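Shown next, in structure tokens, is the structure this report addresses.
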Amino acid sequence: MSSCAVAVAIFAVWPTSNPSGGQQPTAQGPLRRTAEGRPDLNGIWQTIGTANWDLEGHEARPSTVLALGAVGAVPPGLGVVEGGKIPYQPWAAARKQENTKNWLALDPEVKCFLPGVPRATYLPYPFQVFQSPGRLLIVYGYSYARREINMVPRGKAPVDFWMGWSDGRWDGDTLIVDVTSFNDQTWFDRAGNFHSDQLHVIERYTPITPYHIAYEATIEDPKVFTRPWKISMPLYRVVDRNAQLLEFKCVELTEELLYGDVVKKRK
Amino acid sequence: MISPRQCTYAVSLAMLLVSARSTLFTSVAGQQPAASYTPGRTPWGDPDLQGVYDFQSDVPFQRPLDLGNKAVFASPEEKAAYQQRVRTNRARTSRPAAPNVGSYGAEWTPRDVVPNLRTSLLQDPADGRLPPMTPEALRKYQALTEYRRAHLSAYETYEDVGTYERCLSRPMPRINQGYNSGTLIVQSPGWIVFLYEQLDTRIIPLDGRPHIDSSIRQWNGDSRGHWEGTTLVVETTNLSDKQKGFPPADLLREGREGLITTGSPLGDEIAVGVLYDELGRSGYPQGNFRLIERYTPVDANTINYEATVHDPTTWTRPFTYLMPWRREPNYQVYEYACHESNYGLRNALAAARYQEKLAAEAARQPRK
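Chains as they are written, first to last, in the numbering used here: chain A, 1 to 267; chain B, 1 to 368.
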């Protein structure tokens, strides 16, 4: 199936409002459900697109590393931000420009640091959802990123985290994950879009066919933005035969970059 | 940063104080297990092992030689002595950190060990000792020891450092570790996942699919699981031969004594490094070995974890160790962002280069 056909199939069934809890047939069959009657999100998922390059719409641009040519070039994208632009406060807009300019030196992804939320979702690596009664766990293909979604209350987070502290609940067929207690170290993309430790993310996972989830994230940060803003994109079920997450322990792939200047040069 | 363990420790300590006298020895591994225990089932019919477990232990990997044939502490006197040691271990957790660099204070080890009356984790061979290494492995190990003796304290490159200190991976298979050994098990239809607090997540398919291509090697290998009754059996292949643990114990004693030591319940000082050394984790060959793990729930709160290592290039026969995992409902497995703040590795390398620079400058000074 071409990506165009996938997109057509998606938008034919994209919810225009909050879906009811009913057993709605979709273009590709009924939604999978657990024994408890919840949507069954188990499986391996991945986004398609260029959100990790830049959440906002962007033209193609050349590679920052000259030698990489077309291989390292940035592909164009329509953007995933509702309304097109991220509503930065003036100081933050200036900081974002600096981030863009100094991308390779500053992007935590370059250093294999934990990606934060929602960036973990649209990194170019698959992730796997494990769902059983009262439990929800997301393991990302990228580095050692993973997230236990608290489906039973666990109270307030004791400290800040790179991946935040995730509390989940169902609203009909939508899984809502409220993510708080972030540090200020992660970025949203390779374009330098950023946040502070006041970040609050509300994710909505709504299955729309057995093979697609409508994913939305509302982003609040009163230190950085003038108002809350929203991104949305589909998650695609990975249906490759015998699909499994392979290790991408990128720590070892970045050590020469991070420590090479203090390694003894051997003759 | 506060220790994430502190509040859970307080809760578990309180629970233990209430229950210790009555239950300690009924649940101690090494006793006669209950004849049979049937765990609950998931909605899709698999035995339900889900939850957080801990496998903290200070039972030595190999049986100390002076214990001879004694596999289990069985007499009332021995049990009493063991209980005293567990208490001592608990008291140890209120010990302040020694003021020297590298000392690990009480906040690192706030949990009790999983009670275990066995005298070694190794169960097979029956003498509790590792089988002999092959001549080739022994040669490689000796060469590696020489290399490390010459290079270890030099901190020449990150590649000489254990993969745990590099925030990469804990070597496979896991044995007891000093702290943060909480492990979350979650199951979904056709899958089971082991989320170790430290670094690694092992996602294991249960659907009988073949292993990945032998050209793909992974730090945690490639695991396939199936159920034998209520026992989960996991076979792991495709393991990386780059695994590297802490330095061998003799080198610890030579150069970095006291860096990581725990008081053994058996009275001898066991460095964590010794355990890794014993399992060949110090970088000597483990080849592309095969690992068979068996997870058997023996009561509502205990999984008997048995691991068999088949590595004919290193050892002359397979060996099996048994390490009980204890359910810890109050243990919250937190994020383990390690690489993100690995200042220690960079600082050690930078300090070593600085020392080399000073030495080179001193060598250039004219003699008086």
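Beta carbons are placed, not taken as given, at the ideal position from N, Cα and C, and that holds for glycine. These figures come from a predicted structure and were not determined experimentally.
Asked, Found
"Same chain only: Cβ atoms within 6 Å of T218 (chain A), ignoring 5 sequence neighbours per side", "I202, P228 and K230"
"Proximal residues to K96 (chain A) (C-beta, below 7 Å), its chain only, five neighbours per side dropped", "Y88, G192, N193 and F194"
"Option nearest S196 (chain A) by Cα separation, candidates A:A93, A:T209, A:V224 and A:A214", "A:V224"
"Which listed residue (B:P60, B:R148, B:R41 and B:M133) has its alpha carbon closest to that of Q123 (chain B)", "B:P60"
"Short Cβ contact (8 Å threshold) for F182 (chain A) with D160 (chain A)", "yes"
"Rounded straight-line distance, which links the Cα of A351 (chain B) to that of P115 (chain B)", "42 Å"
"Chain A contact for Q177 (chain B) (CB, 8 Å cutoff)", "no"
"Below-8 Å beta-carbon distance, V238 (chain A) vs any chain B residue", "no"
"Chain B contact for Y205 (chain A) (CB, 8 Å cutoff)", "no"
"Residue-chain proximity (S196 (chain A), chain B), Cβ-Cβ < 8 Å", "no"
"C-beta neighbour in chain B for M163 (chain A), strict 8 Å", "yes"
"Within-8 Å CB hit, Q128 (chain A) to chain B", "yes"
"Contact with chain A by P247 (chain B), beta-carbon distance below 8 Å", "Unreliable placement is indicated for P247 (chain B), whose pLDDT of 47 sits below 50; the coordinate value is still reported in the next sentence. Chain A contact via Cβ: absent."
"Residue environment, E340 (chain B), which counts as buried when at least 16 other CB atoms sit within 10 Å", "buried"
"Rounded distance between the beta-carbons of Y122 (chain A) and F248 (chain A), thought under 8 Å", "About 15 Å; that fails the 8 Å criterion."
"Classification of P43 (chain B) by the beta-carbon crowding that lies within 10 angstroms, buried from 16 upward", "exposed"
"Interface partners of P189 (chain B) on chain A, CB under 7 Å", "N42"
"Chain A contacts from the stretch 204 to 223 of chain B (Cβ-Cβ distance under 8 Å)", "P205, R209, P210, I212, I216, Q218, W219 and N220"
"CB contact below 8 Å: R33 (chain A) versus chain B", "no"
"Short CB-CB distance (under 8 Å) between L137 (chain A) and chain B", "yes"
"Cross-strand partners of I185 (chain B) (DSSP beta bridge)", "B:G51 and B:F194"
"Counted within 10 angstroms of its Cβ, other Cβ atoms place G260 (chain A) as buried (16 or more) or exposed", "exposed"
"Contacts that S448 (chain B) makes with chain A (C-beta to C-beta distance below 8 Å)", "In this structure chain B extends from 1 to 368, so residue 448 (chain B) is not present and cannot be described."
"DSSP-derived helix/strand/coil call for R364 (chain B)", "helix"
"As assigned by DSSP and simplified to three states, the class of S63 (chain A)", "coil"
"Contact with chain A by E328 (chain B), beta-carbon distance below 8 Å", "no"
"Exposure label - L41 (chain A); buried when at least 16 CB within 10 Å", "buried"
"8 Å Cβ cutoff, P133 (chain A) in contact with chain B", "yes"
"Validate contact between the stretch 303 to 319 of chain B and the stretch 116 to 136 of chain B using beta carbons, cut 8 Å, 3 pairs", "yes"
"The stretch 167 to 178 of chain B touching the stretch 49 to 66 of chain B, judged by at least three CB pairs closer than 8 Å", "yes"
"Whole-Å CB distance - K111 (chain A) paired with L258 (chain A), under 8 Å assumed", "6 Å"
"Check whether V263 (chain A) and E156 (chain B) have beta carbons under 8 Å apart", "yes"
"Below-8 Å beta-carbon distance, V251 (chain A) vs any chain B residue", "yes"
"Alpha carbon of I86 (chain A) to alpha carbon of Y158 (chain B), nearest angstrom", "40 Å"
"The stretch 60 to 73 of chain A in contact with the stretch 28 to 45 of chain A per 3-pair CB rule at 8 Å", "no"
"Coarse secondary structure for D261 (chain A), derived from DSSP in three states", "helix"
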